[in-house]
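Trainee: If you read the protein sequences in the order shown, they are chains A and B.
Sequential numbering of the first sequence, starting at 82, is according to our numbering.
Sequential numbering of the second sequence, starting at 564, is according to our numbering.
All C-beta atoms, glycine included, are put in the ideal place defined by N, C-alpha and C.
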Amino acid sequence: MFTRHFKKHLTAYAHGELSPTEAGRVAGHLRHCAACRAEFEEIKLGIRLVECLPSVSAPADLWDGIEAALVREANRAQHPVSQNQLDAHTHQPTNPLRRAARILFPEDGSLFPSRRRAFAAAFAAVCLALVAGSVWFYMRSSRPTWEVARVEGAPRIASGRIGERGRLAVGEWLETDAASRAEISVANIGEVEVEPNTRVRLVETRLTEHRLELARGTLHARIWAPPRLFFVNTPSAVAADLGCAYTLEVDDAGRGLLHVTSGYVALETDARESIVPAGAACLTKPGTGPGTPFFEDAPEGFVESLAKLDFEGDRASLDAVLAGARPRDTLTLWHLLSRVGADERARVYERLAALSPPPEGVTREGVVRLDRAMLDAWKDNLEGNWLGGSTPAVRRVWRKLWQ
Amino acid sequence: MESGVLTGESTTGEAVIEACKLGDREAFRRLFEKYKDRVYSIALYFFGGDEATAADVTQQVFLKLFTRISQFHGEAEFTTWLYRLTTNTCVDEQRKRKRVQQFGEGIEVREPRERRTQEDRLARAEVAHAVERAVAALRPKLRVVMLLKYFEEMSYEEIAGVLNLSKGTVASRLNRGHKILARRLGHLRGELVRAEQES
Chain A
82 MFTRHFKKHL TAYAHGELSP TEAGRVAGHL RHCAACRAEF EEIKLGIRLV
132 ECLPSVSAPA DLWDGIEAAL VREANRAQHP VSQNQLDAHT HQPTNPLRRA
182 ARILFPEDGS LFPSRRRAFA AAFAAVCLAL VAGSVWFYMR SSRPTWEVAR
232 VEGAPRIASG RIGERGRLAV GEWLETDAAS RAEISVANIG EVEVEPNTRV
282 RLVETRLTEH RLELARGTLH ARIWAPPRLF FVNTPSAVAA DLGCAYTLEV
332 DDAGRGLLHV TSGYVALETD ARESIVPAGA ACLTKPGTGP GTPFFEDAPE
382 GFVESLAKLD FEGDRASLDA VLAGARPRDT LTLWHLLSRV GADERARVYE
432 RLAALSPPPE GVTREGVVRL DRAMLDAWKD NLEGNWLGGS TPAVRRVWRK
482 LWQ
Chain B
564 MESGVLTGES TTGEAVIEAC KLGDREAFRR LFEKYKDRVY SIALYFFGGD
614 EATAADVTQQ VFLKLFTRIS QFHGEAEFTT WLYRLTTNTC VDEQRKRKRV
664 QQFGEGIEVR EPRERRTQED RLARAEVAHA VERAVAALRP KLRVVMLLKY
714 FEEMSYEEIA GVLNLSKGTV ASRLNRGHKI LARRLGHLRG ELVRAEQES
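Written as structure tokens, this is what we have:
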């Protein structure tokens with residue numbers, strides 16, 4: 082079996098230059114191809130490096146040089162030229178620079194009469210003096226910002242109340258109280274609704290990365306950019322958009338709940354990644370990181386056992402998870418393969434294989450030793466089962482366990 | 564000639580171009596003011612931070628612009644025409660320099676700019692400095708597409724129009740350019756993060 086890679090399209094993908102269909106193909110491929118993901122990271126590094134180059138201003142005296150060149154030609158143009166320097170039909174000089182000079186300086190050969198030149202010099206000196214005073218203001222105003230619209234109540238940015246609209250700069254906090262809500266325009270790639278009692282900060286915004294920090298509260302994100310351009314930091318994990326809409330909640334203890342309504346989201350730390358498709362959810366906790374994702378229509382007992390297994394180290398709960406797993410819960414079982422010990426992994430394999438036999442080339446031995454290619458191949462095969470509707474059992478478990 | 568046609572109009576509107584063709588001084592000056600920084604930036608980074616060459620090339624571009632404006636008939640966008648002039652002038656200038664260099668007088672790679680002595684202490688300036696040299700070391704055909712993309716913020720289609728290439732070729736050159744930069748400057752990843760935090 083051969084896989085089509087998209088390495089030649091990754092820059093165009095990062096620049097948003099692919100059609101929606103092509104971008105969708107690349108996004109899907111990036112989800113399970115480690116080689117292309119590594120290459121994409123390299124491309125993004127290249128983009129970030131070039132973005133480091135500052136725009137520069139041309140020297141102030143450039144025009145003088147151009148003017149001097151034109152004046153020289155104009156002076157020559159004022160003098161008689163030999164017939165072989167004139168066009169036979171137009172009787173204009175054949176040299177284009179001389180022609181331009183003759184047009185530009187028909188009489189005096191200068192763009193600026195001397196009094197205007199003196200005025201220009203004085204004006205330039207005043208401007209120069211103003212520049213120094215403007216630097217401070219420029220440095221502040223040139224920080225990238227996102228537009229924030231008030232939806233209800235009195236949202237605050239950097240402790241100051243906004244009117245109907247405000248601007249959120251990099252480093253600033255947006256806060257809502259119990260009676261206020263706001264909506265953030267995420268550069269040109271999406272929107273984030275901020276619910277009451279939420280504290281969120283703009284960490285970064287540039288071509289290759291847009292990042293918020295959610296300290297507490299609830300936000301709903303709708304992103305239409307290519308995957309892995311929009312991120313939300315939480316106290317226990319980072320939500321990386323893979324082309325989607327989702328809701329993210331963080332409580333006062335830093336624990337989080339991700340609920341995906343379309344597309345995919347990766348909830349990740351350096352050590353662990355949970356891929357959460359539409360209709361699924363994932364809990365996350367400081368010190369542990371993201372738990373195992375599960376579908377929201379899973380039975381309550383299944384979700385509760387999974388939470389105990391993930392966050393309380395209750396290995397006995399694995400029995401209930403395996404027994405309660407439905408065909409769609411292969412999402413959960415597939416993630417568990419790499420999160421349990423070798424003995425338990427064999428049991429997870431058996432249950433997963435019973436619900437959805439592995440594709441050709443994927444063996445029990447390979448899976449138990451966590452062969453990456455085999456795990457990815459099985460995931461690709463399972464993804465078709467992971468699409469479908471849901472009902473929110475998760476919310477009851479979330480409240481019961483942690484609230 | 565007075566410049567009444569400019570009042571309240573965009574700098575590159577049809578009337579302004581026509582005014583330039585008729586020798587309207589103010590129209591020329593406005594075109595220069597609008598585009599000088601962008602042309603200079605491309606030239607500066609094309610020549611690895613060599614300010615003197617960048618200034619020289621910028622002057623050449625505008626002198627050519629003024630002398631050839633009558634040849635612009637609006638078949639393409641004005642900016643397409645201007646940036647084609649800019650990239651061609653950069654490439655021509657580099658060719659000239661290579662020829663000179665063959666006779667032992669070349670200055671192909673000059674010492675970087677000195678004007679940032681103080682800023683160089685900052686991580687961002689150091690990274691930018693390294694990137695500047697790495698961009699200058701790219702092959703001209705890769706360098707030009709990078710500069711048009713990042714300094715003119717052109718789409719692939721616009722770049723393709725300026726350089727008479729297909730969009731696919733533009734994409735491919737940008738892909739290669741980014742990968743080369745990432746591989747040459749991968750060791751700066753840490754500094755880059757610090758620089759981005761400082762900015």
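1) Would you kindly work out how many angstroms separate the C-alpha atoms of His86(A) and Gln657(B), rounded to a whole number?
2) Quick check: what's the CA-CA separation for Val421(A) versus Trp415(A)?
3) Show which residues of chain A have a CB atom less than 9 Å away from the CB atom of Gly749(B).
4) Quick check on Gln623(B): buried or exposed, where buried means 16 or more other Cβ atoms within 10 Å of its Cβ?
5) Using a beta-carbon distance cut-off of less than 8 Å, what residues from the region 130 to 150 of chain A approach chain B?
6) With DSSP collapsed to three states, give me the class of Phe609(B).
7) Let's test the definition: count the other Cβ atoms within 10 Å of the Cβ of Lys89(A) and tell me whether it reaches 16, buried, or not, exposed.
8) Could you run through the region 698 to 722 of chain B and flag, in chain order, every residue whose CB is less than 8 Å away from some CB of chain A?
9) So with Cβ pairs under 8 Å, would you call Asn651(B) a contact of chain A?
10) Provide the residue(s) that pair with Leu316(A) in DSSP beta bridges, ordered along the chain.
11) If the cut is a Cβ gap below 7 Å, which residues of chain B does Thr92(A) touch?
12) State the start and end residues of the unbroken alpha helix (DSSP H) segment that holds Val281(A).
13) Of all the options Glu715(B), Leu626(B), Val756(B) and Ala734(B), which has the alpha carbon lying nearest to the alpha carbon of Val152(A)?
14) At the 8 Å Cβ level, is Gln657(B) part of the contact set with chain A, yes or no?
15) The alpha helix (DSSP H) spanning Pro763(B) covers which residue range?
16) Mapping DSSP to helix, strand and coil, what is Gly372(A)?
17) From Gly465(A) to Pro439(A), what distance separates their C-alpha atoms?
18) Taking the alpha-carbon positions, what's the Leu755(B) to Thr299(A) distance?
19) Any beta carbon of chain B sitting closer than 8 Å to that of Arg85(A)?
20) Could you check where the alpha helix (DSSP H) with Ser398(A) kicks off and where it finishes?
21) Which residue wins for smallest C-alpha separation from Val429(A), given the options Ile147(A), Leu338(A) and Leu418(A)?
22) For Ser355(A), which of helix, strand or coil comes out of DSSP?
23) Work out the CA separation of Thr621(B) and Trp144(A) for me, nearest whole Å.
24) Report yes if the CB atom of Ser343(A) is closer than 8 Å to the CB atom of Phe714(B), and no otherwise.
25) Go ahead and label Glu716(B) buried or exposed: buried means 16 or more other beta carbons lie within 10 angstroms of its beta carbon, across all protein chains shown.
26) Taking 8 Å as the threshold (C-beta atoms), are Leu399(A) and Cys363(A) in contact?
27) Going along the chain, which unbroken runs of the alpha helix (DSSP H) with 4 or more residues stay wholly within the region 602 to 657 of chain B?
28) Examine chain B for any beta-carbon lying closer than 8 Å to the beta-carbon of Glu253(A), and answer yes or no.
29) Out of Leu628(B), Phe610(B), Gln634(B) and Ile722(B), which one is the CA nearest neighbour of His692(B)?
30) Under 8 Å: do the region 264 to 275 of chain A and the region 302 to 318 of chain A share three or more Cβ pairs, one atom per stretch?
31) When Cβ atoms are compared, which residues of the region 606 to 620 of chain B fall closer than 7 Å to chain A?
32) In chain order, what residues of the region 96 to 108 of chain A put their CB closer than 8 Å to some CB of chain B?
33) Under 7 Å Cβ to Cβ from Pro703(B), same chain only, skipping five residues before and after it: list those, please.
34) Could you tell me the distance, in whole angstroms, from the CA atom of Phe186(A) to the CA atom of Phe595(B)?
35) Can you give the Cα-Cα distance for Leu697(B) and Trp467(A), rounded to whole angstroms?
36) Would you mind sorting Lys125(A) into buried or exposed? The rule is 16 or more other CB atoms within 10 Å of its CB.
Mentor: The structure says:
1) 37 Å
2) 11 Å
3) Glu123 and Leu126
4) buried
5) Leu130, Val131, Glu132, Cys133, Leu134, Pro135, Ser136, Val137, Ser138, Ala139, Pro140, Leu143, Trp144, Gly146, Ile147 and Ala150
6) helix
7) exposed
8) Val698, Met709, Lys712, Tyr713, Phe714, Ser718 and Tyr719
9) no
10) Note that residue 316(A) corresponds to Pro in the displayed sequence, not to Leu. The partner list for Pro316(A) (beta bridge, DSSP) is empty, contrary to what the question assumes.
11) Ala734, Leu737, Asn738 and His741
12) From DSSP, Val281(A) is part of no alpha helix (DSSP H) but of the beta strand (DSSP E) over Arg280 to Arg287.
13) Leu626(B)
14) no
15) The structure shown does not extend to residue 763(B), since chain B spans only 564 to 762, so no value can be given for it.
16) coil
17) 13 Å
18) 32 Å
19) no
20) Ser398 to Gly405
21) Leu418(A)
22) strand
23) 10 Å
24) no
25) exposed
26) no
27) 614 to 631
28) no
29) Phe610(B)
30) yes
31) Leu607, Tyr608 and Ala618
32) His96 and Glu98
33) Val654 and Gln657
34) Legend: pLDDT at Phe186(A) = 48, less than 50; position of this residue unreliable, no value from coordinates given.
35) Just to set this straight, residue 697(B) is Ala in the shown sequence, not Leu. Rounded to the nearest angstrom, the two C-alpha atoms are 46 Å apart.
36) buried
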